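Written below as structure tokens is the structure these notes are about.
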Amino acid sequence: MKGFWQWFATLVLALIVIIGANSVPALKRIDAITDQHRRPLVAITLSITIVGWLIFMGSLIYYSVKGGRALSTEEVEETARQAKYRNAPFSVYRFRGKTWGKGFDDSFSFAEAKRAGKGWWKDPRWRRNLVVGGGALIMGFGLFGLLGVLGPVGTKVLLGAAMLYAAVRLTRAFMRA
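Residue numbers for the sequence shown, in the numbering used here: 6 to 182.
Listed below in structure tokens is the structure:
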């Protein structure tokens with residue numbers, strides 16, 4: 006029950022911010038400026054999102070094909086079973102014939118990533134991890150920026166606060182590691 010009340014309080018706070026942001030003159034001016042320059046801002050943030058997505062997905066595909074391990078038929082079927090297609094027919098989950106798949110996995114702590122920060126370019130494992138992670142960060146910031154440009158002033162405030170919160174938490178985690 007505590008989780009529900011926490012979720013409810015967060016939702017109410019978000020609604021208050023969205024509704025109340027329209028009454029702050031400085032935020033209205035920022036919204037007017039972004040509306041005035043919407044076209045170039047959308048082009049910039051969309052480009053950043055696309056570049057981040059290309060780096061992220063391109064590196065995932067590249068490293069899966071180049072250095073990944075072959076997946077067994079059971080692993081391919083399990084991966085397909087985990088994907089939930091709401092309106093798909095039941096036959097989508099059945100495979101006939103030969104299956105093929107490749108993949109890679111890795112896990113590490115912030116402390117390990119921090120130690121690898123100096124010589125990451127020389128080590129293939131850390132080069133892969135930091136390129137994939139960097140692409141994901143670029144894509145995330147671009148997407149949040151795009152939603153901030155297109156959204157109303159309250160959404161801009163919430164997305165800006167979320168981006169600031171994420172940046173502070175990541176920085177703090179790396180400093181403590």
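Glycine residues also receive a C-beta, built at the ideal position from the N, C-alpha and C atoms. None of these values were measured; they are calculated from a predicted model.
Check: Contact set for TRP58: own chain, Cβ-Cβ below 7 Å, skip 5 residues either direction; Outcome: MET144
Check: Boundaries (first-last residue) of the alpha helix (DSSP H) holding SER64; Outcome: 43–72
Check: Boundaries of the alpha helix (DSSP H) in which MET144 is found, first to last residue; Outcome: 129–155
Check: Whole-angstrom C-beta distance between ALA26 and VAL162, which should lie under 8 Å; Outcome: 5 Å
Check: Stretch-stretch touch, CB-based, cutoff 8 Å, three pairs: the segment 103–123 with the segment 66–84; Outcome: yes
Check: Inter-stretch contact at 8 Å, needing at least 3 Cβ pairs: the segment 43–52 / the segment 123–131; Outcome: no
Check: Sufficient close CB pairs (3 or more, under 8 Å) joining the segment 73–85 to the segment 160–175; Outcome: no
Check: Counted within 10 angstroms of its Cβ, other Cβ atoms place PHE9 as buried (16 or more) or exposed; Outcome: exposed
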